[in-house]
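S.K.:
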Amino acid sequence: MARNITPREKDYPQWYIDVITAAELADYAPVRGCMVIKPLGYAIWEAIHRDLDGRFKELGHTNAYFPLFIPESFLSKEAEHVEGFAPECAVVTHGGGEKLEEPLVIRPTSETIIGHMYAQWIHSWRDLPVLINQWANVVRWEKRTRLFLRTSEFLWQEGHTAHETAEEAREETLRILECYRAFAEDVLAVPVLVGEKTEAERFPGAAHTWCIEGLMQDGKALQMGTSHDLGQNFAKAFEIRFEGRNQQLDHAWTTSWGVSTRLIGALIMAHSDDDGLVLPPRIAPTLAAVVPIFKTDEEKELVLGTIRKLMVGLLGEEEVAASENRIGNDQVQKCFYNRLTEQYVIVDKRETARPGDKFYHWEQRGVPLRIEVGPRDCASGKLVVKNRLDRSKDVIDAADFTRANLDARLDAFQKALFDRGLERRAENTHEIGDYKAFCKFFKKKRGFVRCFFNPSKEAEATVKSHTRATVRLVLNANSDREGTCVFTGEPSRTEVIFGIAY
RNA sequence: CGGGGAGUAGCGCAGCCUGGUAGCGCGCCUGCUUUGGGAGCAGGAUGUCGUCGGUUCAAAUCCGGCCUCCCCGACCA
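Each residue of the first sequence is one higher than the one before, starting from 1014 at the first, in my numbering.
1) Ignoring anything shorter than 4 residues, give me the alpha helix (DSSP H) runs that lie fully in the stretch 1299–1384, in order along the chain.
2) How many Å lie between L1088 and N1150 at the Cα?
3) If we call anything under 7 Å between Cβ atoms a contact, is G1326 one with Q1170?
4) Determine the extent of the beta strand (DSSP E) in which A1421 is found, giving its start and end residues.
5) Is the distance from the Cβ of P1305 to the Cβ of L1317 below 7 Å?
6) According to the neighbour-count rule (16 or more other Cβ atoms, all chains shown, within 10 Å of its Cβ), is W1223 buried or exposed?
7) Is Q1027 closer than 7 Å to T1019 when the C-beta atoms are compared?
8) My guess is that N979 and E1444 are in contact by the Cβ rule of under 8 Å, so how many angstroms apart are they, rounded?
9) Are the Cβ atoms of T1274 and F1167 separated by less than 7 Å?
10) Based on Cα-Cα distance, which residue from V1499, R1254, P1217 and N1259 lies nearest to H1241?
11) Output the distance between the C-alpha atoms of M1324 and R1352, rounded to the nearest integer angstrom.
12) Could I get the ranges of all uninterrupted alpha helix (DSSP H) runs contained in the stretch 1232–1267, with 4 residues as the minimum, in chain order?
13) Could you compute how far the alpha carbon of A1015 sits from the alpha carbon of L1065?
14) If you check the beta carbons only, do G1434 and A1234 fall under 7 Å apart?
15) Along the beta strand (DSSP E) that carries M1048, what are the first and last residues, could you check?
16) Would you kindly check if the distance between the Cβ of G1341 and the Cβ of A1036 is under 7 Å?
17) So, with DSSP's three-state summary, where would you put H1107?
18) Closest by CA to R1401, which one among D1447, R1485, A1297 and N1418?
19) Who are the Cβ neighbours of L1430 in its own chain at under 8 Å, not counting the five residues just before and after it?
20) L1423 to T1178, Cα distance in whole Å?
21) Spell out the partners DSSP gives H1129 in its beta bridges.
22) Would you call S1492 buried or exposed, if buried means 16 or more other Cβ atoms sit within 10 Å of its Cβ?
23) Taking the C-alpha atoms as reference points, what is the distance between L1276 and A1060?
24) If we call anything under 7 Å between Cβ atoms a contact, is T1128 one with F1247?
25) Short of 8 Å in beta carbon distance, which residues of its chain neighbour K1308, apart from the five on each side in sequence? Order them along the chain.
26) Any idea if N1017 is buried or exposed, counting beta-carbon neighbours within 10 angstroms, 16 or more meaning buried?
27) Indicate the three-state DSSP secondary structure (helix, strand or coil) for R1295 in the structure shown.
28) Just to confirm, are F1079 and Q1147 a CB contact at a threshold of 7 Å?
29) Which stretch, first to last residue, makes up the beta strand (DSSP E) that contains Q1027?
30) Using a 10 Å radius around the Cβ and a threshold of 16 neighbouring Cβ atoms, would you call R1481 buried or exposed?
31) What is the rounded straight-line gap between the Cα of K1395 and the Cα of D1420?
32) Is L1300 closer than 7 Å to Y1350 when the C-beta atoms are compared?
33) Report buried or exposed for A1092, applying the criterion of at least 16 other Cβ atoms within 10 angstroms of its Cβ.
34) Please name the residue or residues paired with L1486 in a DSSP beta bridge.
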């Protein structure tokens, strides 16, 4: 058992912090609500960035960059938008030692400044669609922060598109939603529900907000991504107009969508255990850690020699030789397993730590596979493969230490992780039709509650005051099944998911 | 922003009530022995006691302001 990690059972919030600390994902910054993303945490973000970026480009989007500072007056141009964001904006009032004529808001999101630019770039239907994404930091002055889940500054991507018709904008919104779903499930191995937000939970200024929602191990819901159909709201506020095929002036239809470093929090809370971080192989910066075991100098020579041969067999002489020239290779030798995804197999050659230390070290950092090679293995031509997820230990022939073998193990790991998530979600999803039972459930338990519900701001506020639960998403606004609203008892065809959210 | 808890060596903590030259465990450094699940012995280094101010001959300790973190609320992409 890891001695530096509080078990989930004992104190879940403390466990979360302990896992982050033990895995060295992040550290607190000397500014309230801000964090430093340390190399391992950042490598995970880079992996998320790399994969999603490819998906966006595959769909036809390109990246651009807009300013961090937004003139304060821009925010006010969309009534709901300013109402939603003004309370959490950081505002710059001075620059260069002088008071600014107009204060500058540090972007909490970029709809306004991008809308302003789109108004200048878009004149004709021939200019549409505009499909731009930006990778950026944003600032939202949060009262209560949590590492990765909610910090005052965070990293994200925000896509902003403009279209000729309402249909196209809606299609774009749903296309991105599906992109997020596939990414969350296939890459992060976190099962997500997909649906629309109710008016109460909608993005300020959006016509429709769609989301992917995951269930964490403590039964709380986590919003992992949103895709907004902005209708013509921002186009009207910023006068994004174009002359159509019919020679009439019309406002463009815009969308925006984003995921953030919060996804790292989702990864931690969905997969990790009392021994520390667990990462899906498709995201893990290090796929396998090779731990040499030896006592004497002769054994050291034998074991390290054997490992070198194994690594050459796995990755080729060129890569192994290159890794030996990298700085620090006498400590932890980093060999590229996949240069495109920047994923490594490492050899932990530190002589200051003993094998047991190394086992815990890499386990806590979420490395999916551990390879042990000792004198006994060298003699028998075998090696040990330990699986981080199910803790199984396989003794395999050295000849089987191949890409095909490792890939198969990593694929099985990825699948097992996702299947475990599906099982957990199934166990923690309940259909409840009666409001008394509904309240009783949330008094004691956490999880997704599926029910019929006729959304309204008032009803949702009342339910929240009773239970702290909110509508996480509308599963189906027009169900084939006919039910009764869990709150009012009236007939309903709207199926929703309630949960207590992070 | 309201309620509760905390801040002393890298980490975890004691000391504070009852002011009087700052301690323990782990980690770290050196050496030897070790090494297949967190090693043993010996020696050693490390602190503006979160910060600013007040009381006092004297403050980690008493008083006040502020900062930061954690938990529970409120708020919230």
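Cβ atoms here follow ideal geometry from the backbone N, Cα and C, with glycine treated the same way.
M.R.: Taking the coordinates as given:
1) 1310–1328, 1330–1338 and 1368–1377
2) 18 Å
3) no
4) Element bounds for A1421: not the beta strand (DSSP E) but the alpha helix (DSSP H), R1416 to E1440.
5) yes
6) buried
7) yes
8) There is no way to answer for residue 979, as the model of the chain reaches only from 1014 to 1515.
9) yes
10) P1217
11) 15 Å
12) 1246–1251
13) 33 Å
14) no
15) M1048 to I1050
16) no
17) strand
18) A1297
19) A1202, H1284, V1291, P1293 and L1402
20) 44 Å
21) Beta-bridge pairing links H1129 to no other residue.
22) exposed
23) 11 Å
24) Looking at the sequence provided, one finds Gly at residue 1128 rather than Thr. Yes.
25) P1388
26) exposed
27) coil
28) yes
29) First-last for Q1027: Y1025 to A1036, but that is the alpha helix (DSSP H), not the beta strand (DSSP E).
30) exposed
31) 19 Å
32) yes
33) exposed
34) I1510
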